[in-house]
Amino acid sequence: MGCAMDGIPRRRVDLARDGARMKTITNKGIHRPAAMGSGPSIAQKTPARHGRDVEQVQMTSGRKTRRSPESQYIMDTWARYKEEPTIYLRDILIAHYMERHVRMIAERFRTSLPPSVDIDDLIQQGYLGLVRCIERFQPERGIRFETFSSLRIVGAMRDWLREQDHIPRQARQRSRMLNAARDRFRITHGRSPDTSELVGLLDLSLEDALACISASRPPAMVTFSTVMMNNGGDDNESSELSSLTDNNPSSSPLHDIGRSDLRRWLTRELESRDQLIVVLYYYEDMTMREIGMVLGCSESRVSQRLNLILQRLRSTFNGVGSAEELIPLD
């Protein structure tokens, strides 16, 4: 009996001590929200563990919205880009969304495709779709860019896959084999192989090797002046045709068709990473440093790869001379 009575005061003392301790913790580290009906509130900075302060969190309709410094930087970049659309600001947006958005879309999309589809090809097509989305996006509409661009980026990948359907898988594999053999010979001997040497490098029959080499050559280019001289067209027809090219070659429809044909052939001939380097450097007017940011490599690595691409193109053009115009001036 005495033991039981002695235990009661001891328990009361323990409870009182624990209650005081909880009160101290509550006063130090827990923010008590405002009463119901008082509207949105902002949490005060309160001491946290290890002496650090908890950053202010905006409370709106019971939901917390926390914005990281990187997200705020991208939002500011969007605002600056829409006011003054410079290449520098566009490249910042491209580098951000390529790693955090396009690559994730390509990886998810890749899981539903055959093993023969290379994810780098999907990422390249996603880049082209990303650039178009950046040009068309309007932040003032209140739609997240990821929501706006996702379907369009996937659509660019699907369009590319449909275009590739007419190219047999074996032809693509042999094209890669041919390019790899040329690169190895170039590195070893310091020059491009001729046809007989290239046939010896390929693990194919003579007939298949020659067919593979022939298919990799660029299409022949025929000018309008040659056609008119050979066909002997009348003066009126000749002047109408020549007017397409004489006044402003860089803006004529024929020039656009030529650039489109050359770009299509390069896309077929080069590997996906090399295709992207050529498109960015010669068609998007990006510097090697900017290309390195997109691809995740150094500027010197881009320069080395571009020089190797040009050597391959010069050997493939087989002395036509058109590839000489692609030599960088740096």
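Every number in our numbering is 934 more than the matching position in the sequence shown, counting from 1.
Even for Gly, the Cβ is constructed at its ideal location relative to N, Cα and C.
Quick check: what's the CA-CA separation for residue i versus residue j?
i, j, result
"LEU1135", "PRO1003", "54 Å"
"LEU1247", "ASN1113", "10 Å"
"ILE1008", "GLU1233", "24 Å"
"ARG1118", "PHE1043", "33 Å"
"ASN1241", "ARG1223", "15 Å"
"ARG1034", "ARG1014", "21 Å"
"THR1045", "THR1011", "33 Å"
"TYR1031", "GLU1069", "14 Å"
"GLU1131", "ARG1078", "55 Å"
"LEU1280", "PRO1049", "Missing from the structure shown is residue 1280; the chain here goes from 935 to 1264 and no further."
Please check the pair residue i and residue j, which I expect to be a contact at CB under 8 Å, by giving their CB distance rounded to whole angstroms.
i, j, result
"ALA1029", "GLN1059", "With 8 Å as the limit, ALA1029 and GLN1059 do not qualify as a contact, their Cβ atoms being about 18 Å apart."
"ASP1219", "ILE1243", "No, ASP1219 and ILE1243 are not in contact; Cβ-Cβ is about 17 Å, not under 8 Å."
"ILE1225", "TYR1216", "Incorrect: roughly 11 Å between the Cβ atoms, too far for contact."
"ILE1087", "VAL1036", "6 Å"
"SER1083", "LEU1064", "7 Å"
"ARG1235", "ILE1211", "At roughly 10 Å, the Cβ-Cβ gap does not stay under 8 Å, so ARG1235 and ILE1211 are not in contact."
"ARG1110", "GLU1205", "7 Å"
Note down, in chain order, each residue of its chain lying with its Cβ closer than 8 Å to the Cβ of residue i, except the 5 sequence neighbours on either side.
i, result
"GLN1245", "ARG1120 and SER1126"
"ALA1040", "ILE1053, LEU1056, ILE1057, GLY1060 and MET1091"
What does a CB cutoff of less than 7 Å around residue i pick up in its chain, not counting 5 residues either side in sequence?
i, result
"MET1227", "ASP1025 and ALA1029"
"HIS1123", "none"
Considering Cα atoms alone, identify which of the options is closest to residue i.
i, options, result
"MET1038", "GLN1072, LEU1056, THR1129 and PHE1071", "LEU1056"
"ARG1108", "ILE1225, TYR1216, VAL1133 and GLY1124", "VAL1133"
"LEU1085", "ARG1096, GLY1076 and CYS1067", "CYS1067"
"GLN1006", "LEU1027, SER1237 and THR1081", "LEU1027"
"ARG1075", "LEU1138, TRP1094 and LYS1016", "LYS1016"
"TRP1094", "GLU1080, LEU1047 and ASP1142", "LEU1047"
Return the first residue and the last residue of the alpha helix (DSSP H) that residue i is part of.
i, result
"VAL1088", "1079-1098"
"PRO1266", "It is not possible to answer for residue 1266, since the shown part of the chain is limited to 935 through 1264."
"THR1011", "1003-1017"
"GLU1131", "1129-1135"
"TYR1031", "1021-1031"
"GLY1230", "GLY1230 -> no alpha helix (DSSP H), and no H or E assigned at all."
Can you find the residues in the same chain that come closer than 6 Å, C-beta to C-beta, to residue i, ignoring five residues on each side of it along the sequence?
i, result
"SER1237", "MET1222"
"PRO1019", "none"
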